[in-house]
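Report on the following structure.
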Amino acid sequence: MMLDVERLDETCIKKLANEEVLAIRVKGFLPQPLAVQIGDKILAPGFEGYINAPSIGRIGMAFYEAENQPLLIEDYFERATSNIEELRNRCAPYSSPVDTLRCMLDESWPAGAHLENLYGRKMYVGLSRVVKPGVCFLAHHDIFAKDAPDSFQARSLEAQFACNVYLNMPTEGGALQMWDHDISPDQFDEMRGDSYGIDPSLLGPPTLEVRPDPGDFIMFNSRCMHSVTPGVADPRLSLSFFVGYRGNASPLTFWS
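For the sequence shown, the numbering used here begins at 139 and goes up steadily by one.
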């Protein structure tokens, strides 16, 4: 259910879009020492917790945190450009892995790839996500149309992928778990209540479990339920964003 490739290309992205595989992995996308070094540079100035998932740290703001509230949506767009620059500054003198991936997606997809545009404004891309030791990243799915229910742009997606570059990993744990059976958005919302996710044990054994190494890149179907197992001793840091697919003849789009 996971496809290992040497580089991103049109063929593997289509396999993901057609649900032939749950995930694509590029092992050693970054050399491991470089990944750890960039990770340490990103973490050094500190980070905040998600508004609606305070146990998970992040640098930048995810659009789903806005929860369709106009003031938070405005805050998201106001900070989009400065948050992209902040990641570049923290990575310097090295290039931002997110910038590299943006170029690779544009080059490998025939119709190109670009920043997602929502409500006539460019979105943010490149969230740094920190999971502290002992914290379980609860099972959830990510569906753009739930985050922007009044947007045709969001509803027009045929598939949505999550992209993660792993920089720092705990000594144990921190594995990505995925399930291939669907849970409807309404059923998920009923199960999670006021939380951002649900206990993974409620879903039974995962279809796929993979523990990435620092420097690995994984792209997976974000509409499937997924979670992260608790780590030991060290934080788990990844750079993450979503990719939207609207058919083979349309450009890919990306956002966080």
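Backbone N, C-alpha and C define an ideal beta-carbon position, used for all residues, glycine too.
Keep in mind it's a predicted model, so treat the numbers as computed, not measured.
Check, Outcome
"beta-carbon Ile162 near the ligand NAD non-hydrogen atom, thresh 8 Å", "Questions concerning the ligand NAD fall outside what the structure shown contains, since it holds no ligand whatsoever."
"Per-residue burial, Arg145 [other beta carbons within 10 Å of its own, 16 or more giving buried]", "exposed"
"Selection from Thr391, Asp372, Leu375 that minimises the alpha carbon distance to Val381", "Thr391"
"Nearest-angstrom Cα separation, counted from Val263 out to Glu212", "16 Å"
"Sequence-distant residues of its chain with Cβ nearer than 7 Å to Glu148 (five each side left out)", "Ser246, Trp247, Pro248"
"Local Cβ density within 10 Å of His278, reported as buried at 16 or more and exposed below that", "buried"
"Arg293 burial status per 10 Å Cβ neighbour count (16 or more: buried)", "exposed"
"Entirely enclosed alpha helix (DSSP H) segments - the region 161-226, minimum 4 residues", "170-181"
"Minimum C-alpha distance to Met140 - residue among Ser233, Met199, Trp317", "Trp317"
"Start and end residues, alpha helix (DSSP H) containing Leu239", "235-246"
"Cβ neighbour criterion (16 or more within 10 Å) applied to Asn221", "buried"
"Closest residue to Gln325 among Ala300, Leu314, Gly311, Met363 (Cα-Cα distance)", "Met363"
"Secondary structure of Ser339, DSSP reduced to three states", "helix"
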